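A.B. asks: According to this note's numbering, the sequence shown holds residues 2 to 179 in order.
Glycine included, each C-beta is placed from N, C-alpha and C at the ideal position.
Everything numeric in this text was worked out from a predicted model, so none of it was measured.
The structure follows.
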Amino acid sequence: MIATWDDSDESSSDEKSDGEVANIAFMAIEKEVEDEVNFSFNELQDAYENLYNEYENICLKNKSLKKNVISMSKEIESLKNENSNYINEIEILNVSLKLSNDFKEENENLKLEIDALKKTFSKFSNSSDKLDTLLGLQRCVFDKAGLGYDEMKNVKHFKNFFVKKNESKITCNYCGKQ
C-alpha cells in the first residue's frame, strides 16, 4: 500500500476566497506479484558448475592479463629508458655536428687565408728573384763593352749589392755579460 500527501496549490481561486488550506491524503493499494521460479537441485547444480567454470576461466584470463600488464609496464619502462638514451645521443650528435660545422667553416676560412698568403709570398718571391736578377746584371763602371771595345774578359756579376746591418752587441764591462 502506498500513501502520499498532497498539499493543495495556493494559487487556486477557491482557496484564496475562503482562506482555508486543505490537505488531502491519497492512498492506493498495490499488489505485488511474485513469480516463483522453481528449479530442481540438478539444474541449480549445473548452473553453479557453469558459473564456477566461468569464474575459473576469468581468473586465469585475469592472471594472464596481469602478467601481460606487468611485462608491458616493464617494456614501457625499458622503452622510456631507451628513448631517453636516444634523445641524449641525439643531443650529443647535434652538438658534435655544430662543432664539426664550425671547424669546417674555420678550416675553409684558413684555407682562403693560406691561399691569399701564398699569393702574397709568391709576389715577394718573384720580386726578390727579379731584384737578384737586376743586381746580377749590373755592370761595373769600368766595363766598356758595347762601346766599340772588345768584350771584357772579367765581367763581375754582383750577387748581392746591399749589405745587412750588423747589430752591435752590448757587453757589460763589470761582469762581462752581453
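Who are ILE115's beta bridge partners in DSSP?
C.D. replies: DSSP output for ILE115 lists no bridge partner at all.
A.B. asks: Please list the segments of the beta strand (DSSP E) lying wholly inside the stretch 22–105, counting only runs of 3 or more residues, in order along the chain.
C.D. replies: Within the stretch 22–105, the complete beta strand (DSSP E) runs of at least 3 residues are 24–29.
A.B. asks: What is the DSSP secondary structure of GLY137, reduced to helix, strand or coil?
C.D. replies: Correct three-state label for GLY137: helix.
A.B. asks: In chain order, what residues of the same chain have a beta carbon less than 8 angstroms from the beta carbon of ASN69, not counting five sequence neighbours either side?
C.D. replies: Excluding positions up to five away in sequence, the list is empty.
A.B. asks: Near LEU118, which residues of its chain fall below 8 angstroms by C-beta distance, leaving aside the five closest residues on each side in sequence?
C.D. replies: Same-chain partners within the cutoff: there are none.
A.B. asks: Measuring straight from C-alpha to C-alpha, what distance separates ILE91 and SER101?
C.D. replies: Those two C-alpha atoms are separated by around 15 angstroms.
A.B. asks: Could you tell me the distance, in whole angstroms, from the CA atom of VAL96 to the CA atom of ASN108?
C.D. replies: Approximately 18 angstroms between the Cα atoms of the pair.
A.B. asks: DSSP on LYS124, reduced to helix/strand/coil?
C.D. replies: Three-state result, LYS124: helix.
A.B. asks: Mapping DSSP to helix, strand and coil, what is SER169?
C.D. replies: Three-state result, SER169: coil.
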